Amino acid sequence: MDELTRVLWEYASSYRLEAFYGREGQEGREECTCAMEQNRAELKELSPPDLWKRVSALYDCVEELRLRDMEAAFACGFRLGASLR
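Under our numbering, think of the first position of the sequence shown as 137, with each following residue one higher.
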């Protein structure tokens, strides 16, 4: 991702992304976020330390993959849109 695209991505993800969720999408996202945090807290409480360390590492990797996919989708859409002008 070039510097201009990165700056636009950071701005969009920080200030504009939520405006593109519909009402159902926003509600579903909030429900998933709550469920995820609740399950994460319960897993931490119920898991032995070594298992929790692995689960936490797995969660972190999934989150990083999700972020990278979002960045790639943004960059692809931006470049495609810019090339169609």
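Each residue gets a CB set at the ideal place from its N, CA and C atoms; glycine is no exception.
Predicted model only: the values in this text are computed from it and were never measured.
| query | result |
| --- | --- |
| With H, G and I counted as helix, E and B as strand and the rest as coil, what does DSSP make of residue 215? | helix |
| Determine the extent of the alpha helix (DSSP H) in which residue 179 is found, giving its start and end residues. | 159–182 |
| Mind the definition here: the region 143–159 touches the region 198–210 only if three or more C-beta pairs lie below 8 Å; say whether that holds. | yes |
| Counting along the chain, where does the alpha helix (DSSP H) carrying residue 146 start and finish? | 139–147 |
| Taking the Cβ atom as the reference point for each residue, do residue 214 and residue 169 lie within a distance shorter than 8 Å? | no |
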